[in-house]
Amino acid sequence: MAENNEVIQKVVQELLKRGINIDPKEAMSSLGGKKMETKDLLNSTSVVPEFVGTREIGDTIGMVIPSVDPLLLDQLHVSKKYPVLGILSARSGAGPHIMAIDEAVKQTNTEVIDVELPRDTKGGAGHGSLIIVGGNDPSDARQAINVALDNLSRTFGDVYNSAAGHLEFQFTARASGACNFAFGAPEGKAYGLICGAPAGIGVVMADTAVKTASVNVLSFASPGHGTSFSNEGMVHISGESGAVRQAVMAGREVGLKLLAELGDKPVNDFPSYIK
């Protein structure tokens, strides 16, 4: 036991040097009184990154780093530095993942600290996503990622695909940290996203939407302005909940008709949630 105590003290000192807090009593408890090597101790503590889950939708994976290495944290492009990171990463989707994380941060003590939208050829004309939330407790980050994963079948409900392109529509009556971080949506107000590929369809949908209801146009993103050079046109709107919903639905109606002119009827894989 004395030898175990010596090993524990050495490991704890090394972890503290890296900015990782660990209770020596908890470390001893995790050993169960057994003799273990230093590498076994490190693997037995909460500092080990963990897999949370996946969803086939968008080829999505969720993970948690319970205690991120400070050397890595210094190089990550995050807005704030938290000791615990929750990670949601996908090959395609982006908008649905941001909206899913938006719900997650409402329900947990976490904050969105990075949203990146890579141009991903698997996503057709659109993006993949890298989203990082920060927190102080691994259980909060884990719960946030689980909530986001469980919300994907809802937020993908208004994504319509055909061989020629895709359409995406999102709506929330109360935007939170993810929508604010990614799209500049005012927190606590209704937010809507209207996106079309090819990009020209997005332009027409945006015009239809803002003519239909009294909403605020936050921004318009196009291949050369605001996207990762994806063939998409998307407008971000905010305002009174009923007006934003009406605008999004009007954009959806004209977008479905336009994309169908290129061949197949656009279809969604999950039930629409914007009604």
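Numbering (our numbering), first residue to last: 1134 to 1408.
Every residue, glycine too, gets a C-beta built ideally from N, C-alpha and C.
These figures come from a predicted structure and were not determined experimentally.
Put simply, the segment 1351 to 1365 does not touch the segment 1287 to 1295. Fewer than three CB pairs are less than 8 Å apart. Inside the segment 1237 to 1312, DSSP marks whole alpha helix (DSSP H) runs of 4 or more residues at positions 1271 to 1288, from first to last along the chain. A distance of 8 Å or more separates the beta carbons of Gly1226 and Phe1302. Here DSSP, grouped into helix, strand and coil, assigns Val1197 to strand.
The Cβ atoms of Gly1228 and Ile1246 lie no closer than 8 Å to each other. Contact annotation: the segment 1260 to 1280 does not touch the segment 1322 to 1339, with fewer than three C-beta pairs closer than 8 Å.
Within its own chain, the residues whose Cβ lies closer than 8 Å to the Cβ of Val1280, once the five positions on either side in sequence are excluded, are Ala1233, Glu1236, Ala1237, Gln1240, Thr1241, listed in chain order.
Per DSSP, Val1217 is one residue of the beta strand (DSSP E) stretching across 1217 to 1223. For Leu1221, the closest alpha carbon among the candidates Leu1205, Gly1321, Gly1310, Ser1262 is that of Ser1262. Excluding its 5 nearest sequence neighbours in each direction, Tyr1406 has C-beta neighbours in its own chain below 6 Å: Arg1287, Gly1290, listed in chain order. Residue pairing of Arg1188 in beta bridges, as defined by DSSP: Thr1193. The beta carbon of Pro1216 sits closer than 7 Å to the beta carbons of Ser1200, Val1201, Asn1269 from its chain, once the five residues preceding and following it are set aside; these are given in chain order. Taking the Cα positions, Pro1182 is about 25 Å away from Phe1314.
Across the set Asp1397, Leu1282, His1260, the C-alpha of Leu1282 shows the shortest separation from the C-alpha of Gly1186. Its Cα nearest to that of Gly1366, the residue Met1338 stands out among Ala1380, Met1338, Gly1257, His1210.
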